[in-house]
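In this note's numbering, the protein residues as written are 107 to 382. Everything on this sheet refers to the single structure shown next.
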Ligand SMILES: [Zn+2]
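See below:
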């Protein structure tokens, strides 16, 4: 599932769409995101005849701003791809939304598994949208402060990993980077959140930032479906320390990396050196 570095990579690689005008929007007619219908009339009204003026990201959500009051909201879900195509390029399978631009290029959203989301938001008040209303600080733009992490951890009996995955605590971290950050900070994923010390919160907050910055530098992690707006895979999978590496030696201590399902999510960690 695309997380902050992947969505940010898509945002950056979509930049050549800036300044182009949307002339037509078409839709597959299929529902997305929990079988909810795509609000295609609202999307058309927001985009058609408008110029793309900015591309923003809030956590794992992407916003396409135009010179009008309403923006397009995009969530890639599990397998969503949001790409910019040269004129005349055939559409990939499972294309659900196509926005044709005035120079013939097309912005296309494809999503075989259809967990993605397309909606409209008020450009000046995106957080009025229910999906964005509860989002915590963006892990990269706002940063995750140790004090905020500690305040959120207090009184919570959930695991530290679940705390990192909670988008109300910090927006943008998902399953891959939670495992990676916990490894980097040497914190056991099953550690109870309310037992986190100030020193550990400091290490963990820094680790979250470091793994995201590192992944972004390598164009994100492509394990299954992720590609950027030009169709290129990210290189970060080569640099993962524990995620998807069960049975392989821990890069720090050489013990075997363990995979364990915690609260329904696959979690990877080193049982020997993640002792905090
Ligand atoms: Zn280790």
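Built from N, CA and C at the ideal position, the CB exists for glycine as well.
(Q) Output needed for residue 229: all residues of its chain with C-beta closer than 7 Å, excluding positions within five of it in sequence on either side, in chain order. (A) 171, 175, 176, 177
Q) How long is the line joining the alpha carbons of residue 195 and residue 167, rounded to whole angstroms? A) 26 Å
Q) Can you find a CB in chain D that lies within less than 8 Å of the CB of residue 211? A) As a matter of chain content, chain D is missing from the structure shown, which is built from one protein chain.
Q: Give the secondary structure of residue 181 by DSSP, where H, G and I count as helix, E and B as strand, and everything else as coil.
A: strand
Q | Through-space distance from residue 133 to residue 426, alpha-carbon basis | A | With the chain covering 107 to 382 only, the question about residue 426 has no answer from this structure.
Q. Between 348, 201, 371, which lies nearest to residue 362 when the distance is taken from Cα to Cα?
A. 348
Q. What is the rounded straight-line gap between the Cα of residue 340 and the Cα of residue 189?
A. 14 Å
Q. What does residue 215 pair with, by DSSP beta-bridge criteria?
A. 188, 203
Q.
Let me check one thing: in DSSP terms, what residues is residue 375 bridge-paired to?
A. 364
**Q.** Closer than 6 Å: residues whose CB approaches a heavy atom of ligand 1
**A.** 356, 358, 359, 361, 376, 378, 379
**Q.** In DSSP terms, what residue 133 is bridged to
**A.** 203
Q | Continuous alpha helix (DSSP H) stretch holding residue 117: start and end | A | 110-119
**Q.** Through-space distance from residue 111 to residue 321, alpha-carbon basis
**A.** 6 Å
Q) According to DSSP, which residues form a beta bridge with residue 263? A) Looking at the DSSP assignment, residue 263 forms no beta bridge with any residue, so it has no partner.
Q.
Relative to the C-alpha of residue 180, which candidate in 198, 290, 227 has its C-alpha closest?
A. 227
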